[in-house]
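So the number in the UniProt record's numbering is just where the residue sits in the sequence shown, counting from 1, plus 87. I have placed the structure first, in the form of C-alpha cells, so that the comments after it can refer back to it.
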Amino acid sequence: GGLPGAQGRGRGFPSISPTPADVDDLVVPEGFTWAPVISWGDPVEPGAPRFDVDRQSVEAQKGQAGYNADYLTLLQDGDRGWRRRRGVIVFNNEYTNPELMFPDWSGEVTAEQAEIEMAAHGMTIVEVRRTNDRSPWTYQRRGTRNRRIHAWTAFALDGPAAGQDWMRTSTDRRGRRVLGTLNNCAGGDTPWGTVLSGEENVNQYFDATGAPDPEGRLARYGITSGGRGWEQADRRFSVLAEPNEVNRFGWIVEVDPDDPGSTPVKHTALGRFKHEGATIRLAEDGRAVAYMGDDERFDYIYKFVSRRRYREGDKRHNMRLLSDGDLYVARFTGDGLQDGQYDGDGEWLPLVVDGESRVEGMSVAEVCTWTRLAADRVGPTKMDRPEDVQPDPTTGRVYVALTNNTARTPGQIDEANPRANNKFGHVIEWREAGDDAAALRFRWKIVLVAGDPADPSTYFSGLDRRGVTPISCPDNVAFDGEPGHLWISTDGAPGTIGTCDGLFRMPTTGRDRGLVQQFLSVPTGAECCGPVISWKDRSVLVSVQHPGEGGSSAYPYLGDSVPRPGVAHVFPGRKRPR
Ligand code: FEO
Ligand code: CA
Ligand code: CA
Ligand code: CA
88 GGLPGAQGRG
98 RGFPSISPTP
108 ADVDDLVVPE
118 GFTWAPVISW
128 GDPVEPGAPR
138 FDVDRQSVEA
148 QKGQAGYNAD
158 YLTLLQDGDR
168 GWRRRRGVIV
178 FNNEYTNPEL
188 MFPDWSGEVT
198 AEQAEIEMAA
208 HGMTIVEVRR
218 TNDRSPWTYQ
228 RRGTRNRRIH
238 AWTAFALDGP
248 AAGQDWMRTS
258 TDRRGRRVLG
268 TLNNCAGGDT
278 PWGTVLSGEE
288 NVNQYFDATG
298 APDPEGRLAR
308 YGITSGGRGW
318 EQADRRFSVL
328 AEPNEVNRFG
338 WIVEVDPDDP
348 GSTPVKHTAL
358 GRFKHEGATI
368 RLAEDGRAVA
378 YMGDDERFDY
388 IYKFVSRRRY
398 REGDKRHNMR
408 LLSDGDLYVA
418 RFTGDGLQDG
428 QYDGDGEWLP
438 LVVDGESRVE
448 GMSVAEVCTW
458 TRLAADRVGP
468 TKMDRPEDVQ
478 PDPTTGRVYV
488 ALTNNTARTP
498 GQIDEANPRA
508 NNKFGHVIEW
518 REAGDDAAAL
528 RFRWKIVLVA
538 GDPADPSTYF
548 SGLDRRGVTP
558 ISCPDNVAFD
568 GEPGHLWIST
578 DGAPGTIGTC
588 DGLFRMPTTG
598 RDRGLVQQFL
608 SVPTGAECCG
618 PVISWKDRSV
628 LVSVQHPGEG
638 GSSAYPYLGD
648 SVPRPGVAHV
658 FPGRKRPR
C-alpha cells in the first residue's frame, strides 16, 4: 500500500519527538502534510466580509468563523463516491482571547469589543469538500448549510426545567427561549445526524457581585464576579439585573447542521453543570445513552438514558430523545491494589428515574437545574476533572479523560483517582454490565496514568515504558474506525511537561496496548482539540485552539500578524516547504 505508515507492525506512523513548548509550528509525522481548513474570521454566512484584523465589527463577526475552535465533527454526505468527499464540519467556538484578537487591546474591554467577543462565541457550521483522498478538505464559502451560531442565536429550552420560574427573564417571560450558547467545549455527533455541544465554564460571563445566594447555588457553580466585563455591554450578564439568566446556561445543546434555519435546543433533561460534552451510544433496546463529564476538580461523571427508543431514519422522532429520560451519576469503587491494577466496580446512582426525582427535597426540574447539588447528596466519586467521555464504537467500552487535579491531597486519593497533586491526568476505561450502555453497573480500570514515562508513577496499560512518548493532560478522546484505536488530544502539556500540546494514539487492545505515540503537536500556546480521525484514509482533522495564548503565534501562517485559531487537516503528503 502506498499510504504512509502502513508498514511496521501496524503501528501506523512514526511518532514525532516531543516539541519544546515555545515552537510556533504545527508538527506532523514524516509522510504527512497539513493545510488550514478554516480559521477565525473566515467568511461563513452570505455577505460576510473577508477577515481583516483592523476592521472588526459585530456584524462582520456574526457571519465569520468564530474564535477558539474546540469540538469538531465532520458529517460526510455519504459513504462512497463523490458524496464521501463532501459534507459539513461543525465546530465549537469555546471562548475568546481579547488580548490576541484586538490590536488596540488596552486590558479593559470596550462595549464594542465585548459584543465582538459575543459574536465570536458559539458554533460554526460550514460545508467542506475534497477532490480525492490525498487532497485537503477545503471549506465552501457559499455552502448552503453554512451557519454561525453566536450569543444572540435563539435556542429553545426543553425538558423538565423549561418554563420553570427560575428560567424566566424580563425578555423571556415564558422561560422557553434563550439567546445564545457560551463556552461550548467538547461535544458529540448523534446516530440521527445532529450535533451535541456542551456549555462548560459559563460562570466567567456572569457578574454576581452582591447577588443573594441563600442556597449556595451560585457558589456551587463558581458564579462570582465574572471577569470578562460583558455585564457592561449587556445587562443579562449582570446577575443582580437579570437573576435568572445564569440558569439558562450550562446545558447540552443540540443543533441540526442539515437545516440552517432550525432552532437549536438546550436539553435540560441532561442536567446543568460545567458540561464538557456529551457522546451517544444506543442501548440494547434502542434507548439513547449520553455520557457526560463535569469538568471541575472533584466533580462527577454522568449518564442520561432516554425514555423513548431510537427509530432508524426518523430524525424528527430521534431529535426528541434527549428531551425526556433518566439521569445518573457515577460511583467508582476500587478492589484494592494487591492485584497490581487500579480497577474495580462501578455503579450508576439514580438522580431522576421514570420522571421522578430520587433526591430527597428536590423536584425533577430542580435536580436538572442544580445537578451538582443533587449529585452531592447521593455519594458519587469525586474525579480529577472529567473531560471528554467517549465509547469505542467497535467494542462499546467507554473512556474518560481526567485531565488533572493538582488540588487532590494524599488523604483524598482513591483507586480511580490514585495520584495526589495529579498534574498530568489519567484515562479510565469501563465496560458496562452485559456491554449494554443502559446498564446500572460496570467494571472499570485505569489504562493510562499520564506524564513523562521516566516518572515511575506513570502507567501505560502495563507496557514497558521505553518506547512510549510523554503525554500530559488528556482532554479529548476519539476513535478512528479501527478497533481499539484510542486517540487522545491534550491541553496543558506546556505548563506540566514543557512541551507543546498535541494528538496521540494509544491502542487499547492487542500487543501494542498502551503504546502511546505522538502524531502531531500544535503551535506554541495552543491546545489540541476535536480530533476527527479516519485512519482508513489517513485523514486527521484537529482544532488548533488559542495559538499564541500567553505569548505569540502566527498560526495558520498565511501572512497575518495575529494568530487565528481554527481547523487544520493533516493528510498524506510531503512536508510543507517552510
Ligand atoms: Fe474546555 Fe474541559 O475543557
Ligand atoms: Ca485493583
Ligand atoms: Ca476540553
Ligand atoms: Ca480543557
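Beta carbons are placed, not taken as given, at the ideal position from N, Cα and C, and that holds for glycine. No experiment lies behind these values; they were computed from the predicted model shown.
Quiz item: Anyone know if the C-beta pair for W127 and G653 falls short of 8 Å?
Solution: In the sequence shown, residue 127 corresponds to position 40, counting from 1. In the sequence shown, residue 653 corresponds to position 566, counting from 1. Yes.
Quiz item: Taking three-plus beta-carbon pairs below 8 Å as touching, is the stretch 517-535 in contact with the stretch 431-439?
Solution: yes
Quiz item: CB-CB under 7 Å to R322, same chain, minus the five flanking residues each way: which ones, in chain order?
Solution: As a working note, residue 322 is residue 235 in the sequence shown. Counting only Cβ-Cβ distances below 7 Å, and skipping sequence neighbours, we find A328 and E329.
Quiz item: Hey, quick one: how far does the beta strand (DSSP E) through A238 stretch, first residue to last?
Solution: Within the sequence shown, residue 238 is the residue found at index 151, counting from 1. First-last for A238: undefined, no H or E at that position.
Exercise. Consult DSSP for C615 and reduce its assignment to one of helix, strand or coil.
Key: Translated into positions along the sequence shown, residue 615 becomes position 528. Three-state DSSP puts C615 in a strand.
Quiz item: Starting from H513 and walking both ways along the beta strand (DSSP E), at which residues does that stretch end?
Solution: Taking the sequence shown and counting its residues from 1, the one referred to as residue 513 is at position 426. Note, H513: beta strand (DSSP E), H513 to E519.
Exercise. Please name the residue in F511, S648 and V629 whose C-alpha comes closest to that of A580.
Key: Residue numbering aside, residue 580 sits at position 493 when the sequence shown is read from its first letter. Of F511, S648 and V629, the residue nearest in Cα terms is F511.
Self-check item: Whether E287 touches D386 by CB criterion (8 Å)
Solution: For the purposes of this step, residue 287 is identified with residue 200 of the sequence shown, where counting begins at 1. For the purposes of this step, residue 386 is identified with residue 299 of the sequence shown, where counting begins at 1. Cβ distance not < 8 Å, so E287 and D386 don't count as in contact.
Self-check item: beta-carbon residue 85 near ligand 1 non-hydrogen atom, thresh 7 Å
Solution: With the chain covering 88 to 665 only, the question about residue 85 has no answer from this structure.
Quiz prompt | Start and end residues, alpha helix (DSSP H) containing W169 | solution = Within the sequence shown, the letter at position 82 stands for residue 169. Segment G168 to R171, the alpha helix (DSSP H) holding W169.
Quiz item: Can you tell me whether D294 is buried or exposed, with buried defined as 16 or more other CB within 10 angstroms of its CB?
Solution: Locating residue 294 in the sequence shown gives position 207, where the first residue counts as 1. It counts as buried.
Practice problem: Indicate whether the contact test is met: 3 or more Cβ pairs, each with one atom in the stretch 309-319 and one in the stretch 240-251, closer than 8 Å. | Solution: no
Quiz item: Got a list of residues with beta-carbon closer than 7 Å to any non-hydrogen atom of ligand 3, in chain order?
Solution: D157, C272, A273, E363, D382, E474, D475, D562, N563, D578 and C616
Practice problem: With a cut-off of 5 Å, give the chain-ordered residues whose Cβ is closer than this to any heavy atom of ligand 2. | Solution: D422, D426, Q428 and D430
Exercise. Report all residues from its chain with a CB closer than 8 Å to the CB of D411; omit the five preceding and five following residues, and keep chain order.
Key: Here residue 411 refers to the residue found at position 324 when the sequence shown is read from its first residue. Here the set comprises G246, A356, S393, R394, R395 and G442.
Self-check item: Option nearest T458 by Cα separation, candidates G174, T106, I339 and H633
Solution: Taking the first residue of the sequence shown as position 1, residue 458 is located at position 371. Closest option to T458, Cα to Cα, is I339.
Quiz item: So M205 and F178 are in contact, right, with Cβ under 8 Å, and what is the actual spacing, rounded?
Solution: Taking the first residue of the sequence shown as position 1, residue 205 is located at position 118. Taking the first residue of the sequence shown as position 1, residue 178 is located at position 91. The Cβ separation is near 18 Å, so there is no contact.
Quiz item: How would you label E341, buried or exposed, when you count the other beta carbons within 10 angstroms and need 16 or more for buried?
Solution: Within the sequence shown, the letter at position 254 stands for residue 341. Answer is buried; the Cβ neighbour count reaches 16.
Exercise. Compute the minimum distance between the beta carbon of E181 and the heavy atoms of ligand 6, and state whether it is under 7 Å.
Key: In the structure on display, ligand 6 does not appear, and the ligands it does have are ligand 1, ligand 2, ligand 3 and ligand 4.
Quiz item: Is S104 buried or exposed, if buried means 16 or more other CB atoms sit within 10 Å of its CB?
Solution: Mapped onto the sequence shown, residue 104 falls at position 17. Per the 10 Å Cβ criterion, exposed.
Quiz item: How would you write the range of the beta strand (DSSP E) that A201 sits in, first residue to last?
Solution: Walking along the sequence shown from the start, residue 201 turns up at place 114. Note, A201: premise wrong, no beta strand (DSSP E); alpha helix (DSSP H) at A198 to A207.
Quiz prompt | Cutoff 7 Å; reference V352; Cβ partners in own chain excluding five residues on either side | solution = Counting from 1 along the sequence shown, the entry for residue 352 is found at position 265. Same-chain partners within the cutoff: F242, A243, D245, V340 and E341.
Quiz prompt | Cβ shell of L305 (< 8 Å), same chain only, five flanking positions each side left out | solution = What you label residue 305 is simply residue 218 of the sequence shown in a count that begins at 1. Taken in chain order, the residues that qualify are A295, A298, T311, V326 and V333.
Self-check item: Segments assigned alpha helix (DSSP H), at least 4 residues, entirely inside the stretch 463-525
Solution: none
Quiz prompt | Cβ-based neighbour list, Q251, same chain, cut-off 8 Å, excluding 5 preceding and 5 following | solution = Numbered from its first residue, the sequence shown carries residue 251 at position 164. Only G262, A452 and T456 meet the Cβ criterion.
Quiz item: With contact counted as at least three CB pairs below 8 Å, one residue from each stretch, are the stretch 565-585 and the stretch 610-624 in contact?
Solution: yes
Practice problem: Check whether the Cβ atoms of V564 and G589 lie closer than 8 Å to each other. | Solution: If you number the sequence shown from 1, residue 564 lands on position 477. If you number the sequence shown from 1, residue 589 lands on position 502. Result no, Cβ atoms of V564 and G589 do not sit closer than 8 Å.
Self-check item: Which listed residue (L602, Q499, R661 and Q200) has its alpha carbon closest to that of Y546
Solution: Residue mapping note: residue 546 aligns to position 459 of the sequence shown, counting from 1. Looking at the Cα atoms, L602 is the closest of the given residues.
Practice problem: Look at the Cβ atom of V145, then the Cβ atom of E214, and state whether they are nearer than 8 Å. | Solution: Taking the sequence shown and counting its residues from 1, the one referred to as residue 145 is at position 58. Taking the sequence shown and counting its residues from 1, the one referred to as residue 214 is at position 127. Not in contact: V145 and E214 (Cβ atoms no closer than 8 Å).
Quiz item: At what residue ranges does the stretch 591-663 contain a whole run of the beta strand (DSSP E), taking only runs of 3 or more?
Solution: 604-608, 614-621, 626-632 and 653-659
Exercise. Would you kindly report the start and end of the unbroken beta strand (DSSP E) that includes H362?
Key: What you label residue 362 is simply residue 275 of the sequence shown in a count that begins at 1. First-last for H362: undefined, no H or E at that position.
Practice problem: My understanding is that R232 touches D345, with C-beta atoms under 8 Å, so please give their C-beta distance in whole angstroms. | Solution: Your numbering for residue 232 matches position 145 in the sequence shown. Your numbering for residue 345 matches position 258 in the sequence shown. That belief holds up - the Cβ atoms of R232 and D345 are roughly 7 Å apart, short of 8 Å.
Quiz item: Using a Cβ-Cβ cut-off of 7 Å (strictly less than) and excluding sequence neighbours within five positions of N331, which residues of its own chain qualify?
Solution: Position 244 of the sequence shown, counted from the start, is the residue given in the question as residue 331. W253, M254, R255 and T256, listed in sequence order.
Self-check item: Cβ pair T586, P557 closer than 8 Å
Solution: On the sequence shown, position 499 is the one that residue 586 refers to. On the sequence shown, position 470 is the one that residue 557 refers to. In contact: T586 and P557 (Cβ atoms closer than 8 Å).
Self-check item: Cβ neighbours of P467 in the same chain (closer than 7 Å, five flanking residues each side left out)
Solution: Looking up residue 467 in the sequence shown gives position 380. Here the set comprises Y387, V416, A417, R418 and L436.
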